[in-house]
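Heads up, the final residue of the sequence shown is numbered 488 in this note's numbering, and it's a clean run with no missing numbers. Where is the CB? At the ideal position from N, CA and C, for every residue including glycine. Bear in mind that the values here come from a model prediction, so they are computed numbers and not experimental data. Notes follow the structure.
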Amino acid sequence: MEASEESRVIFQNLSPLDHRYSISEAPLYRALVPWLSEEAAVTACVKAETALVLAHLKMRGTLRPGLRETLERIGGELRPAEIYAEEEKTRHNIRALVNVLKRRFPPEFSALVHLGATSADILDTGLSWRVRGAVREVLLPQLRRLETLLCNFAEAEAETPQVGRTHGQHAVPITLGFAMAEYVSRLGKSVLEIERRAAQLKGKLAGAVGAYNAAAMIVKDPEELERLYLAELDLEPSEHSTQLVEPEYLLRLLLEINTAFGIIANLADDLRNLQRSEIGELREGFSADQVGSSTMPQKRNPWNSEHVKSLWKTFMPRTVTFFMDQISEHQRDLSNSASQRFVADYITGFCLAVSRMSGVIEGLGADRERLMINLRGTAGQGIPGGILAEPAYILLAESGLSDAHEIIRRITITAEQEHLSFAAALEREGEILSRIGERMTDLGLIPEPAAALGWFEKPEQYRGLSAKKAVELAQKYRNLMEPIPKLG
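Rendered as structure tokens:
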């Protein structure tokens, strides 16, 4: 550590990202450091300045073998503390970086450092390079892993009966795999869109107002110099620049990340609710030494799902700032200089949520007995078997009765008032049950009309395309996620 660097105990850091989460999510934190830390921000600007020197040398035809490696090695030796110390004198971060680089680079190349550039040519380009790297190397691998885990769960539970719910009430039967396939589909599309948006991030070398004024004094083709500069960082030029890269490239990426964040938070809510004592269909993994409550030894809280929701609550509101950073007066103001620095925090927070949710899905267990109890209905959960009122109404209407809905509605009221199962209430209506049975026989649902009553006692048979859709979507998005890159 250099003398000008401050040594700090990790627990003296102010942000939870840099103490609590850097410990609990150490591998993820380490993978993000090369892209989102302050050291990474400085490194990106050094890479950009080095790329500009190389672009000038290419334009002049004087880039000799081995020079690239030399300049990159020199740039790689710079430390943030040295540049921060220089900034104490210049009161300007990029000018401080330029001064340090000029002292470090061989004299014959030092004049090319920052030549024709303005600060944003370096900062905006460096930010695009860093964010794209963090998304490609860390965020997307995390997302692809989570999506694959969801696919696996959806397919494994494709046939597991579950009651569907709307408005918090029992609706009609589905399968557990189908319920998870919702998130397979929603998140899968978002993963692909994040990948596309990250590839569209741009850089610039268009000068103080974006019109290439300075570069036009140096080379005959300023746009070619810009292309060469950005090619060193595998980026393309913004179609139109002021002093800034058009903000919508980054904004659209961040908004799609926020879309994925919302999907994961929605999943966390569903998983947490399905773990309620009175529902009990799912259970997060719980280690032998884990404690659920400081005073209630029996507690096994769904705290990981709640933690994901809490991270979303923390970071989702920051999208307001992303929209505010879209606006800059005329060719530039500095109103985004502080707020844009927190993009790194936002991406880190999202990665933490993805990692935590992956752990939840990996250890998620289904209580099939409880799933069946809830599906078939019990005395405190409405009319047992009442979720089959829909097929009864549909079959009765198909038999030719125009007021079928009202007839079945009255039967459900009778069942509720007399504490009967729906099947038992339906059995009382011999003519109605007979018409339904005949229609079911015609459709091949049962071998003979007399078997209708038994069918209505087993609601798990009425599940539509739940299992089929679960398998199809799981297989589709698993294939789209392959191969899964490794973290770090």
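Based on the DSSP output, what are the partners of residue i in its beta bridges?
i      : result
Val245 : Ser241
Ala366 : Leu282
His170 : Arg165
Gly203 : Pro237
Thr175 : Pro161
Where does residue i fall in DSSP's three states?
i      : result
Ile10  : helix
Gly61  : coil
Val291 : In this predicted model, Val291 has a pLDDT of only 49, less than 50, meaning its place in the structure is not dependable; the value taken from the coordinates is given anyway. Three-state result, Val291: coil.
Thr321 : helix
Lys490 : Nothing can be reported for residue 490: it is not among the residues displayed for the chain, which extend from 1 to 488.
Gly464 : coil
Asn304 : helix
Asn479 : helix
Val100 : helix
Met217 : coil
Phe105 : coil
Arg276 : coil
Val354 : helix
His56  : helix
Asp124 : helix
Ala392 : helix
Gln331 : coil
Lys89  : helix
Gly349 : helix
Gln326 : coil
Ile383 : coil
Pro16  : helix
Thr118 : coil
Ile446 : coil
Asn336 : coil
Ala111 : coil
Lys458 : coil
Val209 : coil
Arg95  : helix
Ala474 : helix
Arg132 : helix
Leu253 : helix
Met296 : For Met296, the pLDDT reaches just 46, beneath the cut-off of 50, and the residue's location in the model is therefore unreliable, leaving the point undetermined.
Glu25  : coil
Glu232 : coil
Leu78  : coil
Gly66  : coil
Gly377 : coil
Can you find the residues in the same chain that come closer than 8 angstroms, C-beta to C-beta, to residue i, ignoring five residues on each side of it along the sequence?
i      : result
Ser358 : Gln142, Arg145, Leu146, Leu149
Met316 : Asn258, Phe261, Gly262, Ala265
Trp312 : Phe261, Gly262, Ile264, Ala265, Ala268, Ala353
Leu271 : Leu282, Glu284, Pro302, Ser305, Val360, Leu364
Ile10  : Asp18, His19, Ser22, Ile23
Pro237 : Lys202, Gly203, Lys204, Leu205, Ala206, Glu223, Glu226, Arg227, Leu230
Leu253 : Val131, Val135, Ile194, Arg197, Ala198, Gln200, Leu201
Ala156 : Gly177
Below 8 angstroms on the Cβ atoms is my guess for residue i versus residue j; work out the distance and round it to an integer in Å.
i      : j      : result
Cys351 : Leu139 : 6 angstroms
Glu256 : Ser339 : In fact, because the Cβ distance is near 19 angstroms, the residues do not count as touching under 8 angstroms.
Glu431 : Thr441 : That belief does not hold up - the Cβ atoms of Glu431 and Thr441 are roughly 16 angstroms apart, past 8 angstroms.
Ile347 : Ala134 : 6 angstroms
Glu438 : Ser399 : 7 angstroms
Glu248 : His240 : About 11 angstroms separates the two Cβ atoms, so there is no contact after all.
Gly177 : Ala158 : 4 angstroms
Glu25  : Ser355 : 6 angstroms
Ala44  : Trp129 : 5 angstroms
Tyr393 : Ile383 : Contact doesn't hold; Cβ gap of about 14 angstroms is too wide.
Starting from the C-beta of residue i, find all residues in its chain whose C-beta is less than 7 angstroms away, skip the five residues before and the five after it, and write them out in chain order.
i      : result
Arg283 : Gln275, Gly365, Asp367
Gly386 : Gly377, Thr412, Ala415, Phe422
Ala166 : Per the sequence presented here, residue 166 reads as Thr, with Ala not at that position. Around Thr166: no qualifying Cβ.
Val308 : Ile264, Ala265, Ala268, Ala353, Arg356, Met357
Might you give, ordered along the chain, the residues of its own chain that have their beta carbon closer than 6 angstroms to the beta carbon of residue i, omitting 5 neighbours on each side?
i      : result
Arg132 : Ala198, Leu201
Ala425 : Ile411, Thr414, Ala415
Ala216 : Pro222
Asn374 : Val163
Arg186 : Ile263
Val172 : Gly164, Ile387, Glu390
Met59  : Val219, Leu225
Please indicate yes or no: does the CB of residue i lie closer than 7 angstroms to some heavy atom of the ligand NAD?
i      : result
Ser434 : With respect to small molecules bound, the structure shown includes none, and the ligand NAD cannot be examined in it.
- Task: With a floor of 4 residues, list each alpha helix (DSSP H) that falls wholly inside the stretch 136-165, ordered by position along the chain.
- Result: 140-156
- Length-filtered (4 minimum) alpha helix (DSSP H) runs lying within the stretch 402-432: 404-417, 422-428
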